[in-house]
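Note that UniProt numbering has the sequence shown beginning at 1, numbered continuously upward.
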Amino acid sequence: TYKGANDDNDDNYHLHVEYQQYKKGCKVHLVKSSTEKTEKKLPGESFLEVFNRDFTLLLGYQGTESLDQLYVDSGEVHTLPEITEKMMKRIAEQLTPELKVKKVHINSSDEETVLKVLDKLEPDHLEELVLESRTITFDVKWKKIGDRLKEKLWKNLKVLESAGVLEVRIEELLHLNQLKMKSSVYGMNDITTMKDNFKESYTNRNKYFSVIYPVGVPYEAHTMRAREMYCTLGDPNLVLLIAFYWGRVDMMYIEPSEVPLGRIVKDW
């Protein structure tokens, strides 16, 4: 998906391209807008090679514009064909200078694979980073990724989601609008820090944090049903909801009308 950096509100500048294997060739599906769609068939061409050629050409003309989204799937559930691995390596080598992209979605449990992509990104443009995996467990800790984000990419991030455990201090993340992550160490101080930040940041109504811990939080809560606290804010039209699950804490803003009848709202 490609669009001009200064054209956020103009769908005419969006370009969505899909490359598919088609019989003995390649099929390219191009969507410029809801009304302008084209399809081209290239007999005898590999869809991987066509994508590589087009992507390389795009990078050469990128200039001051930026990619809107980049999705990278390592294929961790299936063994990638050798040609696919070679193509991905060649593309990575061609990503110089650093790629300007706003939203990056990486599907991989391998920390080194994620780092290779992060190292190719222009720090000033990255606003959203989603790191997911189909196979990851709580035993997987991404210390290097946390360090790399603090070094290069942390400053301008607005959205961060991580399937792996990030060994970072919660203070490093408070500027984010949305956070979904696993934390390596539980501490009530983290929850207090998040709560105090939310009580000061209520002008950002879309702010939402969800943090998973390695053990249950020290509040007895059903695995599916949360124990909830409702906090007053400087804006009487908003309430801070803190939901404690077993091993997870969520924080978000809600309207007073969303508070269940009989629940107490106070300055916790």
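Backbone N, C-alpha and C fix where the C-beta goes; we use that ideal spot for every residue, glycine too.
> Is K120 helix, strand or coil by DSSP?
Replying inline: Residue numbering aside, residue 120 sits at position 120 when the sequence shown is read from its first letter. Residue state, collapsed to three classes: coil.
>> I'd like to confirm the pairing. Which residues does DSSP put opposite F244 in its beta bridges?
In response: Along the sequence shown, one-based indexing puts residue 244 at 244. DSSP output for F244 lists R227, V249 as bridge partner(s).
> In three-state terms, what does DSSP make of I264?
Replying inline: Residue mapping note: residue 264 aligns to position 264 of the sequence shown, counting from 1. I264 falls in the coil class under three-state DSSP.
> Leaving out the 5 sequence neighbours to the left and right, which residues in its chain are closer than 6 Å to L174 when beta-carbon positions are compared?
Replying inline: Within the sequence shown, numbered from 1, the residue matching residue 174 stands at position 174. The answer, listed in chain order, is N197.
>> Report the CB separation of L176 from K158 in whole angstroms; it is logged as a contact under 8 Å.
In response: Here the question's residue 176 lines up with position 176 in the sequence shown. Here the question's residue 158 lines up with position 158 in the sequence shown. Confirmed, Cβ separation roughly 6 Å.
>> Does N197 come out as helix, strand or coil in the three-state DSSP assignment?
In response: Taking the first residue of the sequence shown as 1, we reach residue 197 at position 197. DSSP places N197 within a helical segment (H, G or I) once states are collapsed to three.
> In three-state DSSP terms, what is Q20?
Replying inline: As a first step, residue 20 is located in the sequence shown; it is residue number 20 there, counting from the start. Strand, per DSSP.
> Run through DSSP, which three-state label would G25 get?
Replying inline: The residue you call residue 25 lines up with position 25 of the sequence shown. In the structure shown, G25 sits in a strand (DSSP, three-state: E or B).
>> So, under 8 Å CB-CB, M194 and M251 are touching, yes? Tell me the CB distance rounded to an integer number of Å.
In response: Mapped onto the sequence shown, residue 194 falls at position 194. Mapped onto the sequence shown, residue 251 falls at position 251. Contact check for M194 and M251: beta-carbon distance about 6 Å, within the 8 Å limit, so the pair qualifies.
>> Closest to T35 by C-alpha separation, out of P43, G25, L15, would be which residue?
In response: For this step, residue 35 is matched to residue 35 along the sequence shown. Proximity to T35 across P43, G25, L15 peaks at L15, based on C-alpha coordinates.
> Of all the options R248, G247, V265, L126, which has the alpha carbon lying nearest to the alpha carbon of I254?
Replying inline: Position 254 of the sequence shown, counted from the start, is the residue given in the question as residue 254. Taking only the C-alpha atoms, the option nearest I254 is V265.
> Looking only at C-alpha atoms, which of V104, K150, N156, L42 sits nearest to L166?
Replying inline: Position 166 of the sequence shown, counted from the first residue, corresponds to residue 166. Selected option, being the one with the closest Cα: K150.
> Going by C-alpha distance, which of Y245, R205, L70 is nearest D235?
Replying inline: For the purposes of this step, residue 235 is taken as the residue at position 235 of the sequence shown. Comparing Cα-Cα distances from D235 to each of Y245, R205, L70, the minimum goes to R205.
> Buried or exposed: where does L129 fall if 16 or more other Cβ atoms within 10 Å of its Cβ makes it buried?
Replying inline: Within the sequence shown, residue 129 is the residue found at index 129, counting from 1. Burial call: buried.
> Which of the three DSSP states, helix, strand or coil, is assigned to P236?
Replying inline: Counted from its first residue, the sequence shown places residue 236 at position 236. It is coil, neither helix nor strand.
>> Which same chain residues end up closer than 7 Å to K27 when comparing Cβ atoms and leaving out the 5 residues on each side of it in sequence?
In response: Residue 27 sits at position 27 when you count from the first residue of the sequence shown. Cβ neighbours of K27 beyond the five flanking positions: Q20, E39, K41.
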